[in-house]
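As structure tokens, the structure follows; a few thoughts come after it.
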Amino acid sequence: MQSPQAVVGESVSAQLLQELIERECGAWRERLYPPLTTLGLFVGQTLSSDGACQDAVARYLSERTGRGEGPCSLNTGPYCRARARLPVNLVLGLQRAVGARLEQALPERWGWCGRAVKLVDGTTVSMPDTPANQAVYPQHRGQRPGLGFPLARLVGLLGLGSGAVLDWAMGPYEGQGSGELGLFYRLMDTLEAGDVALADRYFANYWIVALLQARGVDCLMRAHAHRRCDFRRGQRLGRGDHIVYWQRPKQRPAWLDEATCANLPERIAVREIAIGGRVLVSTLTDAKAFSPQALDELYRLRWRIELDLRTIKDEMGMELLRCKDPQMVQKEVAVYLLAYNLVRAAMAQAAVLADVLPRALSFKGAVQVLGAFHEQLRHCGRARTSIMIGCVLGAIAQMRIPHRPGRVEPRAVKRRPKPHRLLMEPRPIARARLLAPVREPACLR
């Protein structure tokens, strides 16, 4: 975990890695936990089933002992301070570089009609209830003080073919400019002309579609529930398929600046398609090149970002963050997404060798294989390293997800939770009540 290659593998060029380190870290004093060592342990911590700092320090002690170096203390203080010193821009730069390189190296057959498709969606994460976290990411206003947890909203931009996180934005769950639309607006510069943005109905409004069109980016979304689609109007392309014009609303959203708003057109052409029991909206208006059936099949792939976010939150454990400071919270999220992209990069290499799509491979299986081979890769000689890496990629390629078309599952759990009472008052008050002296019964006085 200490070398640059161990942290980012072949996913980032050595020149870019060196530039990031020089720009973000500058000159640092040689310590027990230099930046890349700290980053490597942090990445391993997010992929570990334990996830504790004590586990990361114990693994570092094991690695140093295995290399014949002097042992380090099991005290987690130096490691935690090294994590605090780690520049967040270094982590962000590496995470975005890994995602961008992975997306650029995709084989053409992994695209859609020769276009790169980018998935957009939002989610939330919770974190420890500390005054610092509450000040930046307040808890839900429906919760009483002392009984809730700070809550942050995330919007991610992921590649459909690679599954990598290309960019992301985070803000409070509530407040001006903290909604999914405002956060997505901060990510639009990551999109390139010719891309296709795939999103759910929440993003289907004039402002988002017009901003994407201004960048030369097409979109495909489900029509918003509040929008009424009248197929008797507009330019008819077929049954349940027409082109209509959306007028620019009079009121500007709070997350959009006046200059950008003034440059948007008075109206935009949007294609509306009724298919599969829903109405899709898109700026792919060429009916010959993009049939309703093709667009419907593409929209069905939008669900993959739901699975990707569930993987990051549930399988990797990002849903409940551990850091008690807002700056460390942002860094922790960035490390989680860097670790996720590194696993996706290994899956992409395995998919190329096996001539399958990365989406056909199991993310959890890939993490298990990488964890199982970690010790062997660390101790094998240089002559066997390439052989071992080939075995790792071959094993990942065998972790296939069964093809189950049309599979549906209820959004409910069968296993019942333990019948613990809910905490209805701040924990210090409840703890003080438990420690209060017990009064003797009147009959014993």
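Mapping of the sequence shown onto my numbering: residues 34 to 478, in sequence order. The beta carbon of each residue, even a glycine, is placed where N, CA and C say it ideally should be. Predicted model, so just to flag it, every value in this text is computed and none were measured.
Where I429 falls, given that 16 or more other Cβ within 10 Å makes a residue buried
By 1-based counting over the sequence shown, the position of residue 429 is 396. Answer is buried; the Cβ neighbour count reaches 16.
According to DSSP, is T223 part of a helix, a strand, or is it coil?
Locating residue 223 in the sequence shown gives position 190, counting from the first residue. Residue state, collapsed to three classes: helix.
Quick check on DSSP: helix, strand or coil for K447?
Here the question's residue 447 lines up with position 414 in the sequence shown. Correct three-state label for K447: coil.
State buried or exposed for W240, treating a residue as buried only when at least 16 other CB atoms are found within 10 Å of its CB.
Reading the sequence shown from its first residue, position 207 is the one you call residue 240. W240 is buried by the Cβ-count criterion.
In whole angstroms, what separates the C-alpha of L297 from that of Y235?
Taking the sequence shown and counting its residues from 1, the one referred to as residue 297 is at position 264. Taking the sequence shown and counting its residues from 1, the one referred to as residue 235 is at position 202. Near 20 Å, if we compare the C-alpha coordinates of Y235 and L297.
Would you kindly work out how many angstroms separate the C-alpha atoms of S95 and W288, rounded to a whole number?
Your numbering for residue 95 matches position 62 in the sequence shown. Your numbering for residue 288 matches position 255 in the sequence shown. Cα to Cα, S95 sits roughly 49 Å from W288.
With DSSP as the reference, please indicate the residues paired to E305 in a beta bridge.
Walking along the sequence shown from the start, residue 305 turns up at place 272. Partner(s): H275, V314.
Pick helix, strand or coil for S95, following the three-state DSSP scheme.
For the purposes of this step, residue 95 is taken as residue 62 along the sequence shown, with counting starting at 1. Residue state, collapsed to three classes: helix.
Take every Cβ of the region 377–397, pair it with every Cβ of the region 74–86, and state whether three or more of those distances are shorter than 8 Å.
no
Buried/exposed call for L172, threshold 16 Cβ in 10 Å:
Within the sequence shown, residue 172 is the residue found at index 139, counting from 1. One detail in the question is off: residue 172 reads as Gln in this sequence, not Leu. By the 10 Å Cβ count, Q172 comes out buried.
Quick check: the region 97–104 against the region 348–359, are at least 3 beta-carbon pairs closer than 8 Å?
no
Could you tell me the alpha carbon to alpha carbon distance between P336 and H436, rounded to whole angstroms?
Taking the first residue of the sequence shown as position 1, residue 336 is located at position 303. Taking the first residue of the sequence shown as position 1, residue 436 is located at position 403. Checking the displayed sequence, the identity of residue 336 turns out to be Trp instead of Pro. Roughly 15 Å between the two C-alpha positions.
Compute the Euclidean distance between the alpha carbons of C356 and V169, then round it to the nearest angstrom.
Position 323 of the sequence shown, counting from 1, holds the residue named residue 356. Position 136 of the sequence shown, counting from 1, holds the residue named residue 169. So the alpha carbons of these two residues sit roughly 13 Å apart.
Own chain residues within Cβ distance below 8 Å of R148, not counting five before or after:
As a working note, residue 148 is residue 115 in the sequence shown. If we look at R148 and ignore the five residues flanking it on each side, its Cβ neighbours are G227, D228, V229, D251.
Got a sec, what are the start and stop residues for the beta strand (DSSP E) S106 sits in?
Taking the sequence shown and counting its residues from 1, one reaches residue 106 at position 73. Premise fails: S106 is in no beta strand (DSSP E) and is neither H nor E.
Backbone secondary structure at D228 - three-state DSSP:
As a first step, residue 228 must be located in the sequence shown, where it is residue number 195. Reduced to three states, the DSSP call for D228 is coil.
Residue closest to Q137, alpha-carbon to alpha-carbon, out of G192, G249, R64:
Within the sequence shown, residue 137 is the residue found at index 104, counting from 1. It is G192.
Exposed or buried, I338, counting other C-beta atoms within 10 Å across all chains shown (16 or more means buried)?
Position 305 of the sequence shown holds residue 338. So I338 counts as buried.
Looking at the secondary structure, which residues open and close the beta strand (DSSP E) in which T28 lies?
The requested residue 28 is not part of the displayed model; the chain covers only 34 to 478.
When the Cα atoms are used, what is the spatial distance from R248 to L139?
For the purposes of this step, residue 248 is identified with residue 215 of the sequence shown, where counting begins at 1. For the purposes of this step, residue 139 is identified with residue 106 of the sequence shown, where counting begins at 1. If I take the Cα positions, the gap works out to 22 Å.
How big is the Cα-Cα spacing for S419 and L456?
As a position in the sequence shown, residue 419 is number 386, starting the count at 1. As a position in the sequence shown, residue 456 is number 423, starting the count at 1. About 54 Å.
Can you look up C58 in the DSSP assignment and give me helix, strand or coil?
Taking the sequence shown and counting its residues from 1, one reaches residue 58 at position 25. Here C58 sits in coil by DSSP.
Quick check: the region 178–186 against the region 367–381, are there 3 or more CB pairs under 8 Å?
no
Helix, strand or coil: how does DSSP classify A258 here?
Counting from 1 along the sequence shown, the entry for residue 258 is found at position 225. Of the three classes helix, strand and coil, the one that applies to A258 here is coil, per DSSP.
Reduced DSSP category for Q326 - H, G, I as helix; E, B as strand; rest coil
Residue mapping note: residue 326 aligns to position 293 of the sequence shown, counting from 1. Note: Q326 maps to helix in three-state DSSP.
Any contact between the region 208–221 and the region 407–414? By contact I mean 3 or more CB pairs, one from each, below 8 Å.
no
Is the beta carbon of G132 sitting closer than 8 Å to the one on L199?
Numbered from 1 along the sequence shown, position 99 holds the residue referred to as residue 132. Numbered from 1 along the sequence shown, position 166 holds the residue referred to as residue 199. In this structure, L199 lies closer than 8 Å to G132 by Cβ.
Going by other Cβ atoms of all chains shown within 10 Å of its Cβ, with 16 needed for buried, is R449 buried or exposed?
What you label residue 449 is simply residue 416 of the sequence shown in a count that begins at 1. Answer is exposed; the Cβ neighbour count stays below 16.
Could you give the C-beta distance for L342 and G189, rounded to a whole number, given that I count them as a contact under 8 Å?
Indexing the sequence shown from 1 puts residue 342 at position 309. Indexing the sequence shown from 1 puts residue 189 at position 156. Right, the Cβ-Cβ distance comes to about 7 Å (below 8 Å), so this counts as a contact.
Just confirm the distance between the C-beta atoms of P325 and D263, as a whole number of angstroms; I'd bet it's less than 8 Å.
Counting from 1 along the sequence shown, the entry for residue 325 is found at position 292. Counting from 1 along the sequence shown, the entry for residue 263 is found at position 230. Incorrect: roughly 17 Å between the Cβ atoms, too far for contact.
Could you check if V150 is buried or exposed, using at least 16 other CB atoms within 10 Å of its CB as the buried criterion?
Here the question's residue 150 lines up with position 117 in the sequence shown. V150 is buried by the Cβ-count criterion.
Taking 8 Å as the threshold, find out whether the region 45–60 comes into contact with the region 122–130 through three or more Cβ pairs.
yes
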